[in-house]
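Student:
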Amino acid sequence: MNKLVSINNTFESFQSLIHLYENNKGELFGEIHLEIRQFFAANMSAALGAVLDKFVSNLNNIHFDYINPKIELILLKNDFLTYFGKQRAADTNNTTIKFQKLKPIDGKYFKNYVIEELIEGHNTDLPQMSKGAKEKIIEAIYEIFVNAQIHSETKFIYTCGQFFPNKNKIEFTIVDTGIGFREKINNRFGSQLKSTQAIKWAVEEKRTTKEGISGGLGLAILKEFVGVNKGKMQIVSNDGFYQFDGEGESIKTFEGEFPGTIVNLQFRTDDINNYSLKSEININDIF
Amino acid sequence: MENTTINIVNTIGDVYGVEAEDGQKVFELIIKAFTDKKKVILSFQNIEMLTTAFLNTAIGQLYKDYQEEYIKVNLKVSDVSESGKVALKRVVDTAKLYYKDPEALKRSIDEISED
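Chains as they are written, first to last, in the working numbering: chain A, 272 to 558; chain B, 7 to 121.
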C-alpha cells in the first residue's frame, strides 16, 4: 500500500512523491493502491498526476483506496480525480486552478487555460493586486511552460494551481516527464554535471542549451521577479532540488529520482509594486 | 532603401507572442526582407504578452548572421509596451554577447563542474 501523508510544497513532500514513483516504477499490468491522508496541497496534483501517468503508461490500474474527504473534495473541484474516473464537483469558492494535462504542442489550449483560470476566472478574488504584478505572474508562468515545451522532450505537460485568498498567495505548478536538466545539459556540453549542479547552472542568466540561438533569460527573470514579489520558486529535476525565496537559495539531493521536472511557483497576491513603471529604454536604442 | 512593416499579430495569428515556434515565423520574415535589401519596421501593435523565448527566436538570432550595425540601421520596432521594451533590450544584449563569445557557455559549465 502506498501512502501519501501531509503533502505540501516542501522537500519532504517531493521526496514522498519520488518514493511513490521509485517503489512502483517497475510495475507492469499491476494494481497500484494509494491512500492520501491528512493534507494534500492542490497544486501538487500536477506532480502526482505526472507520476500516476507513468504508472498508467505501464498499463497499471490506479486505485484510490482512501482519500481524506476534505482532500477528495478539492481534488474533485480541481478536476484531478476526473482523470481517474470520478465525477467532478463545482468549485463555488472559485479558488482552484484546474489540473490540466497538455501536449507540448497545445500552446493555444494553455493560453485559454491561463485566461480562464488566472485572468478572467479570478478577477474578483484579486482586487489588491496591481495589474503589473498580475501580468508578471502570467508572464512567469508562460516562460516556464515554454521551457517545458522547448527543452524537456516530454510527451505531456501537467499543470495545476491554487489560490489562497486569506494568505494572499497563489501557487502554480508545471510538471513534465521529460529528460530533466541534467541529461539535457550534459548531452549538449558533454559534461557530467549532477542534477543539483545542472539546476544551479540553469537558473543563472544567459545559460542556455539551445544551439545557435541565444537565450537563458526565462528562469533568471523569474528568479528576479520572485525576489521582488517575495514569493518562492522550487525546481525538482531527477534527484536535484533547488529552492529560492526570501531566505536565499537552497540546494538538496533526493533519495531516488523524479521522472522529469517539477517547477513549483508561489507568488504573493498582495504585491503592490508597480511593475509597469516607465522604463528608461529608448526605443531607438535597443539594437 | 524601402521600408516594409511586419505586423507580429498578423504573422503569428495571435496577440500572445509567447512560443518560440511563433518567434521563428517573425524571424523568417525579417530575414526575407533583409535579403531583399528592405528596412523593417516590426510592429508590436496589439501584442498583449511576450516571452523571452519568443523574442530570442524572433529577434535574438538575427545577431548570428547580421552585424550589430546592420541591424541598428535596418530594423526598427513600433508600439512596444514598456515591459516589452525591457524584455527586448535584455534579449538583444544577451544575443550580442552570445554570438561574440560562443565559448562562454562551455566555460560556465567547467566552472560549475569544479564546484
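C-beta atoms are modelled at their ideal positions from N, C-alpha and C, and glycine is treated no differently.
1) Determine whether the Cβ of A39 (chain B) lies closer than 9 Å to any Cβ atom of chain A.
2) Run through the segment 313-372 of chain A for me and flag every whole beta strand (DSSP E) of 3 or more residues, listed as ranges in chain order.
3) Between the segment 303-318 of chain A and the segment 436-452 of chain A, do at least 3 Cβ pairs fall closer than 8 Å?
4) Could you spell out where the beta strand (DSSP E) holding D516 (chain A) opens and where it closes?
5) Nearest chain B C-beta to E410 (chain A) closer than 9 Å, yes or no?
6) Does the beta carbon of N329 (chain A) fall short of 8 Å from some heavy atom of the ligand PLP?
7) Give a yes or no on whether the C-beta atoms belonging to A59 (chain B) and G29 (chain B) are separated by under 9 Å.
8) How about G487 (chain A): is its C-beta nearer than 9 Å to some C-beta of chain B?
9) How big is the Cα-Cα spacing for S87 (chain B) and N458 (chain A)?
10) If you draw a straight line from the alpha carbon of I554 (chain A) to that of I415 (chain A), how long is it in whole angstroms?
11) Taking 9 Å as the CB-CB limit, is Q67 (chain B) close to chain A?
12) Between which two residues does the alpha helix (DSSP H) containing I543 (chain A) stretch?
13) Going by other Cβ atoms of all chains shown within 10 Å of its Cβ, with 16 needed for buried, is G502 (chain A) buried or exposed?
14) Taking S423 (chain A) and D542 (chain A) to be in contact with their CB atoms under 8 Å, please state how far apart those CB atoms are, rounded to whole angstroms.
15) Helix, strand or coil for R308 (chain A) per DSSP?
16) Identify the residues that DSSP records as bridge partners of M55 (chain B): which are they?
17) Are three or more beta carbon pairs between the segment 525-534 of chain A and the segment 287-295 of chain A nearer than 8 Å?
18) Which word fits Y429 (chain A), buried or exposed, when buried means at least 16 other C-beta atoms lie within 10 angstroms of its C-beta?
19) With a 10 Å radius around its C-beta and 16 neighbouring C-beta atoms as the bar for buried, classify A110 (chain B) as buried or exposed.
20) If the cut is a Cβ gap below 8 Å, which residues of chain A does S114 (chain B) touch?
21) In chain order, what residues of the same chain lie with their CB nearer than 8 Å to the CB of L103 (chain B), ignoring the 5 residues before and after it?
22) Does V97 (chain B) come out as helix, strand or coil in the three-state DSSP assignment?
23) Kindly identify the DSSP beta-bridge partner or partners of T444 (chain A).
24) Taking the C-alpha atoms as reference points, what is the distance between E27 (chain B) and I506 (chain A)?
25) For K523 (chain A), which residues does DSSP report across the bridge?
26) For a contact meaning CB atoms closer than 9 Å, what does T17 (chain B) contact in chain A?
27) Leaving out five residues on either side along the sequence, give the residues of the same chain with a beta carbon under 7 Å from the beta carbon of A411 (chain A).
Tutor: In short:
1) Interface residue (Cβ-Cβ distance to chain A less than 9 Å): A39 (chain B) is not classified as such.
2) List check, beta strand (DSSP E) in window: 332-338.
3) Touching, per the Cβ criterion.
4) That run of the beta strand (DSSP E) goes G511 to D516.
5) For E410 (chain A), a Cβ of chain B is located within less than 9 Å of the residue's own Cβ.
6) This structure lacks the ligand PLP, and indeed carries no ligand of any kind.
7) Their beta carbons are under 9 Å apart, which means A59 (chain B) touches G29 (chain B) by this criterion.
8) Chain B, which has a Cβ nearer than 9 Å to the Cβ of G487 (chain A), makes this yes.
9) Looking at the two C-alpha atoms, the distance is approximately 37 Å.
10) If you draw a straight line from the Cα of I554 (chain A) to the Cα of I415 (chain A), it is about 27 Å long.
11) Q67 (chain B) counts as touching chain A.
12) Segment: none, I543 (chain A) is in no alpha helix (DSSP H) and carries neither H nor E.
13) By the C-beta density criterion, G502 (chain A) is buried, having at least 16 other C-beta atoms within 10 angstroms.
14) Actually they do not touch by this definition, with Cβ atoms about 29 Å apart.
15) Of the three classes helix, strand and coil, the one that applies to R308 (chain A) here is strand, per DSSP.
16) DSSP links M55 (chain B) through a beta bridge to B:Y22.
17) Touching, yes, given that three or more Cβ pairs across the two stretches are closer than 8 Å.
18) Looking at its Cβ environment, which holds 16 or more other Cβ atoms inside 10 Å, Y429 (chain A) is buried.
19) By the 16-neighbour rule on beta-carbons within 10 angstroms, A110 (chain B) is exposed.
20) Residues of chain A passing the Cβ test: W472, E475 and R478.
21) Excluding sequence neighbours, L103 (chain B) sits near A110.
22) V97 (chain B) falls in the helix class under three-state DSSP.
23) Answer by DSSP bridge pairing, in chain order: A:C431 and A:N535.
24) C-alpha of E27 (chain B) to C-alpha of I506 (chain A): approximately 25 Å in a straight line.
25) A:F512, per the DSSP bridge assignment.
26) Neighbourhood of T17 (chain B) in chain A, by CB distance below 9 Å: empty, with the nearest CB roughly 16 Å away.
27) Contacts found: L493, F496 and L536.
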